[in-house]
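To start, the structure itself, in structure tokens.
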Amino acid sequence: MSKERLLTGQEVEHMSEAWLTKMAEEQSNFTHGVVRILPDGWLYPGTTPRFLNRIQSVKYRPDDVVVMTFPKSGTTWMQEILWTMLFNPNLDNPQATQPLLVRSTDISSDMMFDSVNIEDANPESLYATFKKMCPGKNVEDGIAIQCLDATPGQRVIKTHYPLDLMPPDLLDKTKVVYVARNPKDMVVSFYHFYKVLKVFNYKGSLEMFIKSFMNNELMYGPVWPHIKQAWQKRNHPNLHFVFYEDLKADTQGELQKLNQFLSTGLSEQQLKNVVQHTSFSSMKSRGDPIPDKSLYNKELHQSSGGFFRKGVTGDWKNHFSPELNQEMSKWIKDNIGDSGIHFKMD
């Protein structure tokens, strides 16, 4: 396996043909292969190092807010909450009708376009937005990254990259909201995500998926260093750590904490507006945050309930066998160790 290094110093390992062949038994391969970034072992499409290096030079603004999560941990919900708090607390901003991916750029998304023909995407796609915002720019330099640079004023920025792959001075420059979800619910949602998106086209069972998840053989993983890096910074004045389960149980209360963290000064009525506008039923009624249907397996997307599938806690109980639950419970306990992290599983 050939190796290289990122600007941040981490080692990049290009996965072997034998590894890629084995992966192809369960899911689609990426055009440029797959890399593992050491020492934590992050697994990403082969184009990722180029974009990670470009992200190091992104100019963050003091009033930017970064939403950081492992996938399927409440990312979209938190993006909409933050955008509404900052730009639409009275629910009268006409820009709220724009797709969320346009209003809140995902700077970790460029790597996922590796196996997708971007230029064939529909008019509502991020590529169409890129053409409008960045005329004459090169797609290979990153659609999302360049759209972010072209976005004026305050921004709500999404990333699935962990803290150690972001600029080292990120927390010195801007605020980060990190959302963590109990791994049992998260992995069920992640499984449906993997099956529905054409870029993955996952063909295995849920049990196979969970085994791969626990063995750090899925894109975006491993999950534990992702969560722990943010947890270790939870007392930093520019990082706010939120558990998905707490947000579901007391949305108003968690928004009050965000109101203080962001210094937004919203009234009780404005916070109620945000709660109502960002409820699961309200967001689902407005449609998918990614309107480009060419990215989905249409039949699976419809049968699974769309992007907003259930939005509940404890759904894992409907999918886990007693044996699988016991195995994953031990895995969670072993990885949490003495970190102080506590997930609510019900």
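For the sequence shown, our numbering begins at 2 and goes up steadily by one. For each residue, glycine too, the CB sits at the ideal point set by N, CA and C. The structure presented is a predicted model; accordingly, all values stated were derived computationally and were not measured.
DSSP beta-bridge partners of residue i
| i | result |
| --- | --- |
| residue 107 | 159 |
| residue 13 | 5, 38 |
| residue 43 | 38 |
Element boundaries [alpha helix (DSSP H), containing residue i]
| i | result |
| --- | --- |
| residue 76 | 76–88 |
| residue 209 | 207–215 |
| residue 54 | 49–56 |
| residue 147 | 144–151 |
| residue 335 | 323–337 |
| residue 20 | 18–24 |
Contact check, residue i vs residue j, beta carbons under 8 Å
| i | j | result |
| --- | --- | --- |
| residue 39 | residue 14 | yes |
| residue 240 | residue 177 | yes |
| residue 155 | residue 64 | yes |
| residue 60 | residue 190 | no |
| residue 46 | residue 275 | no |
| residue 7 | residue 50 | yes |
| residue 84 | residue 58 | no |
| residue 245 | residue 181 | yes |
| residue 71 | residue 227 | yes |
| residue 332 | residue 215 | yes |
| residue 128 | residue 144 | yes |
| residue 185 | residue 107 | no |
| residue 67 | residue 175 | yes |
| residue 263 | residue 86 | yes |
| residue 230 | residue 150 | no |
For residue i, the nearest candidate out of the options (CA to CA)
| i | options | result |
| --- | --- | --- |
| residue 317 | 205, 212, 214, 188 | 188 |
| residue 179 | 236, 97, 46 | 236 |
| residue 109 | 264, 53, 195, 10 | 53 |
| residue 321 | 267, 342, 192, 341 | 192 |
| residue 48 | 41, 32, 339 | 32 |
| residue 250 | 271, 281, 267 | 281 |
| residue 342 | 256, 194, 260, 183 | 183 |
| residue 111 | 330, 344, 139 | 139 |
| residue 11 | 24, 44, 225, 29 | 44 |
| residue 225 | 334, 98, 101 | 334 |
Opening and closing residue of the beta strand (DSSP E) in which residue i lies
| i | result |
| --- | --- |
| residue 128 | It is not in any beta strand (DSSP E) - residue 128 instead sits in the alpha helix (DSSP H) that spans 127–134. |
| residue 179 | 176–181 |
| residue 113 | Run containing residue 113: none; DSSP gives neither H nor E here. |
| residue 66 | 66–70 |
Any C-beta of chain C under 8 Å from that of residue i
| i | result |
| --- | --- |
| residue 322 | Of the chains in the structure shown, none is chain C; there is only one protein chain. |
Which complete beta strand (DSSP E) runs does the segment 230–295 hold, if anything under 3 residues is left out? 240–244
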